[in-house]
Each structure stands twice: as structure tokens, then as C-alpha cells.
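Trainee:
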Amino acid sequence: MSPVIAPAVRADIAELRQLYYAVYGPHYPVALGTDPAEMARLIADPHSLWLVTRCADTGALTASAAIHGEAGSRTGRLEGIAVHPEHRSAGLAAALTGALCAGMLDTGRLDSVYATVRTVSAGPQRVVARNGFRPLGILPNAVDLSSRESLALYARHAAGVLDRRIPVTEVPAPLLPLLRTAESALGIGYPGVRAAAGPLPAPAPHAAVERLEVIEAPAFVRRRFRERFPGAGGWFYPLHTPNVLLTPEDGRFEVYAYLNRAGGYGCLLTAHPDPAAAAAHLEPVTRALARAGAGYVEALVPLAHHEALSAFLAQGFVAGALFPAMRADGDGFHDYAVLSRSSERIDFRGVAVEPPLQPYLDCYVSAWASAHLPTSSEVAP
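For the sequence shown, UniProt numbering assigns the number 381 to the last residue and increments by one with no breaks.
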């Protein structure tokens, strides 16, 4: 019998919180399953879709999932997949995912939907893969639940979107293996892409930024961010709103970031007056976020901006994922690279990786070793 699927409503919030607690315990770092005000907002959001299933006999909630969208963006996030332990192996997660994609992608409301999938077991990867999602890469140490977990990035695109990607001509040499991996895994092409000339830029001396002030006042940071970036041209990071501002004492640049202490991660969103102003100071910025609780720091960078990519690579960031056709630009779409750095030890033992994801894991391990392990010529005899 097919499950009965219906939109979530405000009256479901208390029961939904119980469902997420039953599935994830007390360490779930997502507001969708823990914050009643945010849950009510998402249920009412016209840019999002939240669906649930109920037991035909008792009427109790058995599963939940949502695609979270936002105004002005045609990229959504599949999140909050939860199936009650007593109702697993009934295909509920796959049924909800399929219904969500039909409502958001097949109808043309979104161009792409991505999901960050747990790797503690192969099940979550299989659920999204059965619904047309394909692997884009690995996010090592991306979230702290009961312990540090690595996530897999998957995405599904609307018909024809991948055919309208805007080509790039050059990228930093360390990114070429990731492009080749994506070509094979996704069936897309990067013909004629060459390695950018010249070495990676040298980072700023440690004394160049003596001290960074970390301002954690979410309402103030949002207001200042909107003043600095009244349009969307200076930043692009779907479904992330800055809640932290980092700046040196002389105020010559401002870095806007999103910090999630519950999940132990942070995202670098943009900088003022422009990203280049802070590019040489990523080391102190990353260290400041780590001290604030972000054991994992992530950046989303256009594949066409090889100068910005080079700056991150020079500061020890490693590209673990590639999101093709992520941002619309006229009739075309720009590709983005996901770069990250972890202040905690990365341990892939126990990670469950399905065969389509394995090449990305191999690519990341090789890239990390190239960035962080000394070569034979650097090792003292």
C-alpha cells in the first residue's frame, strides 16, 4: 500500500519534534526539527515544501522531509529526512523524496535541489540516489552530532539545466582532478580547461592581522550585511544568512559568516568591500571561527574565479565537492566548488561510501595529502 503523503501543518509541530528526537536524539543541529518558531515559518513559507506521512491505523506521524527554498534563489535543499524507527524499511523516505522533487523540480519551481547526506550508513545515499540525485563530493568532518561526521553532497537538477552550464577556461591546478572526477560521475564535460599559470598566492604574514573582533549579534550582523550588500551581486550562498561578523581593529575589511555552534560548523559567505580584501587573511579568519566552535569551515566559490579559489587553496582549504549549474545567470548557469578546512582530525574509518561516491573520496584524500603532507624534497634527511 502506498503511504499517504500530506503537507505538514502547524498543528504537527509538537509531534514532529518528537519524531526528530526519536530518530536523531538530542544532538540534531537543524532548526527544522527542534525550533518551533522556525518550523512554523518553514511550514508557511511559499518557497518551501514540507511533507509528512502518517500511520493508516493510528494516525501517528511516521516520516517527514522538506525541500527548503528561499526568495530570489532557484536552488533548494532537501533536509530533515526522518523515518520513525518503528516504520523503517517501508520506503517512506524514498516516497517523500520523490513527492518533494515532483512538487519543486518537475513543476519548474527550482532548477536544482541538493542534499547533505550522512555517511554513517549507506542507506541515506541509496534513498537520494533512487530519486535521481547524483553525488557531487565529500564534506569531511562537516557536522558534529554525537561525534564528528562526514557528509556526502548530492544534487538533482531540473531537465535541461546541466546542458546550459557556462564554460570555464582555467582553474588552479589542484582542482583538475576534481573536475575529471565530476566528468566521469555526472557525465558532464570540461573540455579545454587548463591549469591557471603561476603558483598559489602567498598568505599574509601572521602579524598582518594582529587581532580579529568576532561580533556575534545576529540582528545587527544581518542589518549591516543588507546595508553592505543591498543586491545579490556581491554574494551567493543559498539558504545561509550571516550571523557573525569578523573584522580587524582598523576595520579595513569585514568578513560575513554563518556559525552553527550546535553542529560545530561555519560557512564563509562574503567580505566587504570585496572578497579580495580578506583573501590574504583567511588563516586568522578560519582560526577565529574555530575558536568560536566551528571545527569545520566551508566556502562556496565560483569555478570561474580562479583567483579566489587559489587564495583558499593557499590557506589549506581543500576542494571536496563540485556543484555544476548551481547559479543561474541569464540563460546559463555557473558551476561552484565547495572548499573546506577542518581544525579537527579527519578520520574516514567507518564511513559508508556507495560506489558512485567512492571516486570523490579518493580524490579528496589525494588532494588533502598534496596540500598538507610534505613532499620527499621537504622532508629533512
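Here a beta-carbon is modelled for each residue, glycine too, at the ideal position from N, C-alpha and C.
From Ala115 to Arg77, what distance separates their C-alpha atoms?
Mentor: Ala115 and Arg77: Cα-Cα distance of roughly 6 angstroms.
Trainee: Between which two residues does the alpha helix (DSSP H) containing Phe333 stretch?
Mentor: Unbroken run through Phe333 is the beta strand (DSSP E), Gly332 to Ser342; no alpha helix (DSSP H).
Trainee: Considering Cα atoms alone, identify which of Ile138, Pro172 and Arg118 is closest to Ser146.
Mentor: Nearest C-alpha to Ser146: Arg118.
Trainee: Looking at the C-beta of Ala90, does it have a partner C-beta in chain D at a distance below 7 angstroms?
Mentor: In the structure shown, chain D does not exist; there is a single protein chain.
Trainee: Report the rounded CA-to-CA distance for Ala367 versus Cys55, giving the unit in angstroms.
Mentor: Approximately 47 angstroms, taken between the alpha carbons.
Trainee: Can you check the segment 109-194 for any alpha helix (DSSP H) of at least 4 residues that lies completely inside it and give the ranges in chain order?
Mentor: You should have 123-130 and 176-186.
Trainee: Go to Ile13, then tell me how far its alpha helix (DSSP H) extends in each direction, as first and last residue.
Mentor: Segment Ile13 to Tyr24, the alpha helix (DSSP H) holding Ile13.
Trainee: Quick check on this structure: which residue in Thr181, Arg291, Ile13 and Leu246 has the alpha carbon closest to the alpha carbon of Gly137?
Mentor: Checking every option, the nearest Cα to that of Gly137 belongs to Thr181.
Trainee: For Arg74, count neighbouring Cβ atoms within 10 angstroms of its own Cβ and tell me buried if that reaches 16, exposed if not.
Mentor: Buried: at least 16 other Cβ atoms inside 10 Å.
Trainee: Which residue marks the beginning of the beta strand (DSSP E) containing Arg77, and which one marks its end?
Mentor: Thr75 to Val83 is the span of the beta strand (DSSP E), which, as asked, contains Arg77.
Trainee: Taking 8 angstroms as the threshold, find out whether the segment 187-197 comes into contact with the segment 221-240 through three or more Cβ pairs.
Mentor: The segment 187-197 vs the segment 221-240: no contact.
Trainee: Of all the options Pro167, Cys267 and Pro356, which has the alpha carbon lying nearest to the alpha carbon of His305?
Mentor: Per the Cα distances, Pro167.
Trainee: Terminal residues of the continuous beta strand (DSSP E) containing Glu254?
Mentor: Start and end: Glu254 to Asn260.
Trainee: Would you check if the distance between the CB atom of Leu175 and the CB atom of Ala280 is smaller than 7 angstroms?
Mentor: Not closer than 7 angstroms, so no.
Trainee: With distance defined between alpha-carbon atoms, name the residue in Tyr237, Arg130 and Pro218 nearest to Leu246.
Mentor: It is Pro218 whose Cα lies nearest to the Cα of Leu246.
Trainee: In whole angstroms, what is the alpha-carbon distance linking Leu186 and Leu339?
Mentor: Each residue's alpha carbon lies about 19 angstroms from the other.
Trainee: The beta strand (DSSP E) with Thr286 in it runs from where to where?
Mentor: Per DSSP, Thr286 belongs to no beta strand (DSSP E); it is in the alpha helix (DSSP H), Leu282 to Arg291.
Trainee: Helix, strand or coil for His272? Go by DSSP, reduced to three states.
Mentor: Looking at His272 - three-state DSSP - the assignment turns out to be strand.
Trainee: Assuming Thr247 is part of the alpha helix (DSSP H), what are its boundary residues?
Mentor: Thr247 -> not in any alpha helix (DSSP H); beta strand (DSSP E) instead, spanning Val244 to Pro248.
Trainee: Mind checking whether Tyr256 and Leu300 have CB atoms under 7 angstroms apart?
Mentor: Cβ distance not < 7 angstroms, so Tyr256 and Leu300 don't count as in contact.
Trainee: Note down the Cα distance separating Val4 from Pro324, rounded to an integer number of angstroms.
Mentor: Distance between the alpha carbons of Val4 and Pro324 is about 34 angstroms.
Trainee: Taking only the alpha-carbon atoms, compute the straight-line gap between Ile81 and Ala94 and give it to the nearest angstrom.
Mentor: Going from the Cα of Ile81 to the Cα of Ala94 covers about 10 angstroms.
Trainee: Less than 7 angstroms between C-beta atoms, sequence neighbours within five positions excluded: which residues of the same chain meet that for Leu42?
Mentor: Leu32, Ser48, Trp50, Ala66 and His68.
Trainee: Using only the alpha-carbon positions, how far apart do Pro284 and Tyr20 sit?
Mentor: Near 37 angstroms, if we compare the C-alpha coordinates of Tyr20 and Pro284.
Trainee: Report yes if the C-beta distance between Pro143 and Gly293 is below 7 angstroms; otherwise report no.
Mentor: Position check: residue 143 holds Val in this sequence, whereas Pro was assumed. No, the pair does not count as a contact, with Cβ atoms beyond the cut-off.
Trainee: Should Ala63 and Leu92 be called a contact, given that it needs their Cβ atoms to be closer than 7 angstroms?
Mentor: Contact flag set, yes.
Trainee: Tell me which same chain residues have a C-beta within less than 6 angstroms of the C-beta of Val23, skipping the five on either side of it?
Mentor: Correct list, in chain order: Ala82.
Trainee: What three-state label does DSSP hand Asp329 in the structure shown?
Mentor: The answer is strand: DSSP assigns Asp329 an E or B state.
Trainee: Determine, using beta carbons only, whether Pro177 and Cys363 come nearer to each other than 7 angstroms.
Mentor: The answer is yes: Cβ separation under 7 angstroms.
Trainee: My understanding is that Pro135 touches Tyr360, with C-beta atoms under 8 angstroms, so please give their C-beta distance in whole angstroms.
Mentor: So it is a contact: roughly 6 angstroms between Cβ atoms.
Trainee: Pull up the distance between the alpha-carbon of Asp45 and that of Ser2, whole angstroms please.
Mentor: About 27 angstroms.
Trainee: If you follow the beta strand (DSSP E) that Thr53 is in, where does it begin and where does it stop?
Mentor: It spans Leu49 to Arg54 - the beta strand (DSSP E) in which Thr53 sits, taken as one unbroken run.
Trainee: Tell me which residue opens and which closes the alpha helix (DSSP H) that Ala308 is part of.
Mentor: Segment His306 to Ala314, the alpha helix (DSSP H) holding Ala308.
Trainee: If we call anything under 7 angstroms between Cβ atoms a contact, is Ser310 one with Pro124?
Mentor: No, the pair does not count as a contact, with Cβ atoms beyond the cut-off.
Trainee: Give me the Cβ distance between Glu216 and Tyr265, rounded to the nearest whole Å; I'm assuming they're in contact under 8 angstroms.
Mentor: Rounded, the Cβ-Cβ distance is 15 angstroms, inconsistent with contact.
Trainee: Return the CA-CA distance between Arg109 and Asp250, expressed in angstroms with no decimal places.
Mentor: Approximately 44 angstroms between the Cα atoms of the pair.
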